[in-house]
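Student: Below is a structure I'd like to ask you about.
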Amino acid sequence: MKTGLYIILLLFQAATASLYAQCGYLAGKITDISGATPLLASLSAKTEQGKLRLGKSDSLGVFNVEMPCHIIELTIECPQFQTQHIPVNIDGKTEGTFFITLAMMPLGKQTSDEPYAQSEQKHFELKDSLKAVSIVRRIEVRDALSDQRLPAEICLYYTQKQKKDCFSLTTDRPRAEIVFTEKDIVAIEVKSGGYQAYNGNLILDKTDQEPRTYIIKLNRQRTILSVNILQAQQGMLCRLWSDGQSDITLNRVNDSHYFADLVPGRDYKFGIAPASSQPELVTAMASVKEGITLKTLRVAERAPERPAPERRPSVVTRVETPAARGITASNKTLYFPKSDYKLPLQSRTYLDSVAVYILENKNKGLRITGHTDNVGNPGLNITLSEYRVRVISRYLIGKGVPEGVIAAVGVGSKFPARPNDSEENRRMNRRVEVQIIDLDPKSN
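Right, dumping it as structure tokens:
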């Protein structure tokens, strides 16, 4: 008998473990809507089997929790702040850690004749609730940050009548006027496309003759892409874009982890440039949905590079033809588009001539210095400048220039050529300077 119960217990534990199997970690920070105040908040996951508590953020607002494999929705709860319910979309297999940041809106307190969140509801008893009255109230719905009026669907649930009324706000009708004919506690549900739903209550116990306006503010439903890159290489550069659009700002945690706020419904592409001469790896992500999208990418291990002598004979033979003799070269500054590190086509003719010149003049070398404007994260700017330098260096090495005669460095925005006070000046700062230098005879 005991053996049978033991087997049943083991089977139950195995089944329970499979229901809430863990697939990676979710990490990040939770603050108030301003981003300045960290919050102690609880995180829970909704799955097909129910709600699972994940953990809490610490006094700095930082959290790192295990994720169940079949998570559908992430719930964030904090006293005196609006609870958030964010859909979770898993694109492929989740491995490792995914980073996000979350911001929360403060709650309205339970007061008479003002909407407040249902989570703040306390016991309240209406006096003379059967007495006929006429209470005129207007309702508007606005964006919590921009204060812009929003189209919305509003439903009112009356306690006394046990009745439900729904109506719409549009751009042509941004405000609704309602006449309440009795004192009541009315539940309010507000929905607007692209925003988190609002569920609140309204205590109608004042019979003043003046109409009042209620403004209900909604938080945007965030669309977050969080990417975890397996086998990431040090110094690797990543970028995110939508077709026909410029690159989108990526929040970089380290070489393996990135996240960004996106627009739902659009197709995006994520590019990874390994720390070598390998081509950019591009992954397409179709129609990103509202909520949090978790994406794992894997970078293949880099194959060993072939020794330079194997390709040198053909290059040397080509550049030492009589037609190539007498080539001269000078210093030059090459300019790059914003947030881009691809070698401009118009720069190749110059670099070809530099390669021939260096191969003909064994006592000459190159100093290549990369710069950026001052827009964005200084650390990312240094990485971008390093990649611009690397692209040029690799091109020259591919033309036969020995790697040892190239001194290359990326300095980011530290040494601007012009003040970063206009787009034209910033364009002149997004540059790589190529200088021809004399080599120390001992180095030959």
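Take the sequence shown: its letters are residues -21 to -1, 1 to 423, numbered as in mature numbering (1 follows the signal peptide of the UniProt record, and there is no 0).
Every residue, glycine too, gets a C-beta built ideally from N, C-alpha and C.
State the beta-bridge partners of glycine 29 as determined by DSSP.
Tutor: Within the sequence shown, the letter at position 50 stands for residue 29. Answer by DSSP bridge pairing, in chain order: Thr26.
Student: Count Cβ pairs between the segment 209 to 226 and the segment 132 to 141 that sit closer than 8 Å; are there 3 or more?
Tutor: With a cut-off of 8 Å, the segment 132 to 141 and the segment 209 to 226 do not count as touching, because too few Cβ pairs lie within range.
Student: When the distance is taken between beta carbons, is arginine 201 closer than 9 Å to isoleucine 114?
Tutor: In the sequence shown, the residue the question calls residue 114 occupies position 135. In the sequence shown, the residue the question calls residue 201 occupies position 222. For isoleucine 114 and arginine 201, no; Cβs fall outside 9 Å.
Student: According to DSSP, simplified to helix, strand and coil, what is isoleucine 9?
Tutor: Numbered from its first residue, the sequence shown carries residue 9 at position 30. Strand, per DSSP.
Student: Starting from aspartate 331 and walking both ways along the alpha helix (DSSP H), at which residues does that stretch end?
Tutor: In the sequence shown, counting from the first residue as 1, residue 331 sits at position 352. Looking at the DSSP string, the run of the alpha helix (DSSP H) that includes aspartate 331 is 327 to 339.
Student: According to DSSP, is serine 401 part of a helix, a strand, or is it coil?
Tutor: As a working mapping, residue 401 is identified with position 422 in the sequence shown. Coil at serine 401, not helix or strand.
Student: With distance defined between alpha-carbon atoms, name the residue in Lys196, Lys378, Arg199, Ser235 nearest to valine 206.
Tutor: Your numbering for residue 206 matches position 227 in the sequence shown. Minimum Cα distance to valine 206 is reached at Ser235.
Student: Hey, how far is the Cα of alanine 131 from the Cα of threonine 192?
Tutor: The residue labelled residue 131 in the question sits at position 152 within the sequence shown. The residue labelled residue 192 in the question sits at position 213 within the sequence shown. Answer to the nearest angstrom: the Cα atoms are 16 Å apart.
Student: Quick one: is the Cβ of isoleucine 227 within less than 8 Å of any heavy atom of the ligand NAD?
Tutor: Summarising the ligand content, the structure contains no ligands, and the ligand NAD is consequently not present.
Student: How about leucine 33 and glutamate 45: do their beta carbons lie closer than 9 Å?
Tutor: To locate residue 33, count along the sequence shown from 1; it is residue 54. To locate residue 45, count along the sequence shown from 1; it is residue 66. Closer than 9 Å, so yes.
Student: Just grab the DSSP bridge partners of proline 177 for me.
Tutor: Residue numbering aside, residue 177 sits at position 198 when the sequence shown is read from its first letter. With the sequence shown as reference, residue 177 is identified as tyrosine, and proline is not the correct amino acid for it. The partner list for tyrosine 177 (beta bridge, DSSP) reads Val169.
Student: Between the Cα of glycine 244 and the Cα atoms of Ile195, Asn180, Gly173, Gly179, which residue gives the shortest distance?
Tutor: Position 265 of the sequence shown, counted from the first residue, corresponds to residue 244. Comparing Cα-Cα distances from glycine 244 to each of Ile195, Asn180, Gly173, Gly179, the minimum goes to Gly173.
Student: Would you report the Cα separation of glycine 344 and leucine 313, rounded to the nearest angstrom?
Tutor: Counting from one through the sequence shown, the residue named residue 344 turns up at place 365. Counting from one through the sequence shown, the residue named residue 313 turns up at place 334. Their Cα atoms are separated by approximately 18 Å.
Student: For alanine 82 and cysteine 48, what's the separation of their Cα atoms in angstroms?
Tutor: For the purposes of this step, residue 82 is taken as residue 103 along the sequence shown, with counting starting at 1. For the purposes of this step, residue 48 is taken as residue 69 along the sequence shown, with counting starting at 1. Distance between the alpha carbons of alanine 82 and cysteine 48 is about 25 Å.
Student: Could you tell me the distance, in whole angstroms, from the CA atom of lysine 268 to the CA atom of glutamine 175?
Tutor: The sequence position of residue 268 within the sequence shown is 289, counting from 1. The sequence position of residue 175 within the sequence shown is 196, counting from 1. Those two C-alpha atoms are separated by around 14 Å.
Student: So is asparagine 360 buried or exposed if we call it buried at 16+ other beta carbons inside 10 Å?
Tutor: The residue you call residue 360 lines up with position 381 of the sequence shown. Its Cβ being crowded by 16 or more others within 10 Å, asparagine 360 is buried.
Student: Ignore the nearest five residues each way along the sequence and tell me which others in glutamate 412's own chain have a CB closer than 6 Å to its CB.
Tutor: In the sequence shown, the residue the question calls residue 412 occupies position 433. The answer, listed in chain order, is Thr312, Thr348.
Student: Take glutamate 27 and list the residues in its own chain whose beta-carbon comes closer than 8 Å to its own, dropping the five residues that flank it on each side.
Tutor: The residue you call residue 27 lines up with position 48 of the sequence shown. If we look at glutamate 27 and ignore the five residues flanking it on each side, its Cβ neighbours are His49, Ile51.
Student: With distances taken from CA atoms, which of Gly71, Val354, Glu161 is nearest alanine 263?
Tutor: Residue 263 sits at position 284 when you count from the first residue of the sequence shown. For the residues Gly71, Val354, Glu161, the minimum Cα distance to alanine 263 belongs to Gly71.
Student: Which two residues bound the contiguous alpha helix (DSSP H) that contains serine 372?
Tutor: Locating residue 372 in the sequence shown gives position 393, where the first residue counts as 1. Residues 357 to 377.
Student: Here's a check: name, in chain order, each residue in its chain whose Cβ is nearer than 6 Å to the Cβ of isoleucine 118, leaving out the five neighbours to either side.
Tutor: Position 139 of the sequence shown, counted from the first residue, corresponds to residue 118. If we look at isoleucine 118 and ignore the five residues flanking it on each side, its Cβ neighbours are Ala155, Tyr193.
Student: So cysteine 57 packs on alanine 20, CB below 8 Å; how close in whole Å?
Tutor: Here the question's residue 57 lines up with position 78 in the sequence shown. Here the question's residue 20 lines up with position 41 in the sequence shown. Sure, about 4 Å apart at Cβ, within 8 Å.
Student: Determine the closest residue to residue 448 out of Tyr237, Ile9, Leu418, with distance taken between C-alpha atoms.
Tutor: Nothing about residue 448 can be reported from this structure: the residues present for the chain run from -21 to 423 only.
Student: Helix, strand or coil for leucine 109 per DSSP?
Tutor: For the purposes of this step, residue 109 is identified with residue 130 of the sequence shown, where counting begins at 1. Low local confidence applies: a pLDDT of 49 at leucine 109 is under 50, so the model's placement there is unreliable, with the coordinate-based value given in what follows. In this structure, leucine 109 counts as coil in the three-state DSSP scheme.
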